[in-house]
Every structure is written in structure tokens, then in C-alpha cells.
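S.K.: As numbered in the numbering used here, residues 62 to 286 make up the sequence shown, in order.
Shown below is the structure under consideration.
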Amino acid sequence: MTARHHPSDETLMAWAAGTFPAGPRLVVAIHLDGCRRCRDTVAGFEAIGGALLEAAEPAPMATGAFDALMARIDAENAAPEASTGNRTPIRPTVSNVPTTPDGLALPPRLAHHTVGRWRSLGRALSWSRVEVAGAPDANVILLRIPAAGAAPRHGHTGREFTQVLVGGFTDGRDAYVAGDFDEADETVDHRPLVDVDGECICVAAVEGRLRIHGIGRLLQPFVGL
Ligand SMILES: [Zn+2]
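Here it is as C-alpha cells:
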């Protein structure tokens, strides 16, 4: 299945320039692993960036910059190609595949990060914190909602980047399925509603705080979302 919703050009350009913060960078990387179209777009932006650099006046390199660049390239080449875009349930552990503590397989890109146990927010929503290696302030979470379940209606104080891993949902703006990427910001107030034919699992990077409405708001201080 080919994704229908992709990161914006602005997001892919920031990715190519290496200026994206760690949390959103990780979620975009998971999308890129499964989306040739966006990888090609990034390659185009990188080619433009390279040409601009060649045209620029040479400047002395900061101490350690080359080592840092090579380390980053090594880290980003370490994650094998992910498969996305199917509705088969996440399978239990196979070797070398990162998993949640209860054994659900995750995108290979998450292999170098720590995934916490599932916690509940209300009856329908489970979430788990992804501790991003080297970026303790990154706010990345897995979200898991059963078939026909709904997330609390919420707004945002910053940007929210979401990659659908399993299943699908609608939120009044559009329908999103496994492989799709969604960007929301302060202007978006939505209530994701999961499709009736299976659970939905997403990975999201949240900047700022979610503004949860209704009963979920009362739980917010306890979960730190
Ligand atoms: Zn894409």
C-alpha cells in the first residue's frame, strides 16, 4: 500500500537540512523508511543543499564536526528498511526487531531507543513513552486505541507529527492508514476515531502540550502528556 499522507515539503526540507529536533526527526525517519516518494524528495533537497554548499565560500570546520557527521550517518544507516502499509496485527517478537515490553514488534528505526510499558488514558487509549537516545527532552509516544475506539478530543500548543503503524483512523479532516503521516499544529483540534476493523497504533512526536478536552482533561496531570 502506498501512503496517501506524507510530511510537508517544509518538514522534508528541514529533515534534509538536519535542522529538525530529535523527536520529530525520529518520526519522519520512520515514515521515510517506508516511503520511497519522500526519500526521493529528501534526496532532491539534499542535492540542492549540496550544490549551495559547493557554491559557498569555504569555512573552517568546527572541531569534531566531521566525527559527529559520520556518527550520524552510521546511526541512520543502521536501521534496515521497514515494511509498512498492511493491516496484519503486529507480530510477537522476532530476533532483532524492537518490541514493546509486552512483545509487539515495532519499526526497526526504534531499535536504538527505549520503549516503556503501556499506560492507560481513559478506557480506550493506551500510550507508551519512547525515550529517544541522546535526546531526553524529546516527547515521543506510542498510541494504541482498539477498533472503533476514540482518542480524547484535543488541541495542541505546538506541532504534532504522527506516523500510523497499524490500522487506521479518521479525525474529521481525513482518513489515515498504516504508512500515513500526519502533521497537526495549534490550528488543529481533533478527535481521532479508530476504524471498526482493527486496533490502531501510531508513533507521535509532540511539541508543547496537548490540550485535552472532556473527561480526559482530568487525567492529563497524571500522565504528563
Ligand atoms: Zn511519504
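Glycine included, C-beta positions come from ideal geometry on N, C-alpha and C.
(1) With a 10 Å radius around its C-beta and 16 neighbouring C-beta atoms as the bar for buried, classify P168 as buried or exposed.
(2) Under the three-state reduction of DSSP, which class applies to T72: helix, strand or coil?
(3) Let me make sure I understand the geometry here. Which of L114, F230, V176 and L186 has the alpha-carbon closest to that of V201?
(4) With a threshold of 16 other CB atoms inside 10 Å of the CB of R152, please say whether the residue is buried or exposed.
(5) Considering only residues of the same chain and omitting the five flanking positions on each side of V158, which have a CB-CB separation below 6 Å?
(6) Is any heavy atom of ligand 1 found at a distance shorter than 6 Å from the C-beta of A104?
(7) Among the residues of its own chain, which have a CB less than 8 Å from the CB of D246, if the five just before and after it don't count?
(8) Closest to L271 by C-alpha separation, out of G111, H215, A64 and Y237, would be which residue?
(9) Using a threshold of 6 Å, is the CB atom of H173 nearer than that to any non-hydrogen atom of ligand 1?
(10) Between which two residues does the beta strand (DSSP E) holding C222 run?
(11) Quick one: residues in its chain with C-beta nearer than 6 Å to the C-beta of T154, no 5 flanking neighbours on either side, listed in chain order?
(12) Within 7 Å of any Cβ in chain D, is that where the Cβ of R252 sits?
(13) Under DSSP, the beta strand (DSSP E) around R205 begins and ends at which residues?
(14) Is H174 closer than 7 Å to A194 when the C-beta atoms are compared?
(15) Out of curiosity, what's the CA-to-CA distance linking S69 and R178?
M.R.: A quick look at the data gives this:
(1) Note on P168: 16 or more other CB atoms within 10 angstroms of its CB, so buried under the neighbour-count rule.
(2) Helix at T72.
(3) Of all alpha-carbon atoms in L114, F230, V176 and L186, the one lying nearest the alpha-carbon of V201 is that of V176.
(4) Low per-residue confidence applies at R152: pLDDT is 46, beneath 50, and the placement is therefore not dependable enough to give any value.
(5) The residues are A166.
(6) No, the beta carbon of A104 sits no closer than 6 Å to any heavy atom of ligand 1.
(7) Sequence-distant Cβ neighbours of D246 in its own chain, meaning closer than 8 Å and more than five residues away, are H217, G219, R220 and E221.
(8) If you compare the alpha carbons of G111, H215, A64 and Y237 with that of L271, the shortest gap goes to H215.
(9) Taking 6 Å as the cut-off, the C-beta of H173 does not count as close to any heavy atom of ligand 1.
(10) Correcting the residue type first, residue 222 is Phe in the shown sequence and not Cys. According to the DSSP assignment, F222 belongs to the beta strand (DSSP E) that extends over E221 to V227.
(11) In this predicted model, T154 has a pLDDT of only 43, less than 50, meaning its place in the structure is not dependable; the value taken from the coordinates is given anyway. So the qualifying residues of the chain are T160 and G164.
(12) No chain D appears in the structure shown, which is made up of a single protein chain.
(13) In the DSSP assignment, R205 falls within the unbroken beta strand (DSSP E) covering V201 to I206.
(14) Yes, the pair counts as a contact, with Cβ atoms nearer than the cut-off.
(15) So the alpha carbons of these two residues sit roughly 31 Å apart.
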